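What follows is a short report on a single structure.
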Amino acid sequence: PAKVASMLPFSIGDRVVSLVANPGSKPKPLKAGDEGVVMGPGNEEHPITADFDHTSFIFQTKHLCTPADWSAKVASMRPFSIGDRVVSLVANPGSKPKPLKAGD
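Below, the structure written as structure tokens:
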């Protein structure tokens with residue numbers, strides 16, 4: 587696969603996992619954990635284009651990881667699993683779209 591300096595550490599054809607969600611994407615929302623394929627360079631701000639079966643997105647490299655790295659990240663969340671209901675122990679009044687309160 588071709589290596590493009592702006593896309594490092596990824597190459598065209600690499601399998602990647604999204605670390606971010608895009609709930610407004612069409613035809614279906616992109617979820618963190620969705621797996622896709624690097625298609626090529628994006629633009630200066632978002633240097634990677636990746637296809638996620640339903641549509642292509644441009645990403646910053648920090649918003650993608652390898653499937654193996656995703657598995658390690660998920661394993662490190664133990665005792666939690668994706669989809670578990672949790673309660674915040676801290677507040678973040680500056681969070682968007684609304685402030686996070688302890689107990690949320």
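In this text, residue positions in the sequence shown follow the working numbering: the first is 587, and each later residue adds one.
Note that CB positions come from ideal geometry on N, CA and C, so glycine has one too.
None of the values given here were measured: they were computed from a predicted structure.
query: Inspect the CB distances between the region 627-642 and the region 657-675 and report whether three or more fall short of 8 Å.; result: no
query: Let me confirm a value: ALA585 is counted as buried when at least 16 other C-beta atoms fall within 10 Å, else exposed. Which label applies?; result: Residue 585 cannot be examined here, being either before or after the span of the chain that is shown, 587 to 690.
query: Apply the 10 Å Cβ neighbour rule to ASP620 and answer buried if 16 or more other Cβ atoms are within range, or exposed otherwise.; result: buried
query: Tell me which same chain residues have a C-beta within less than 7 Å of the C-beta of VAL606, skipping the five on either side of it?; result: ALA618 and HIS649
query: Could you work out which residue in HIS632, ILE598, GLN646 and LYS614 is closest to VAL623 when comparing CA atoms only?; result: ILE598
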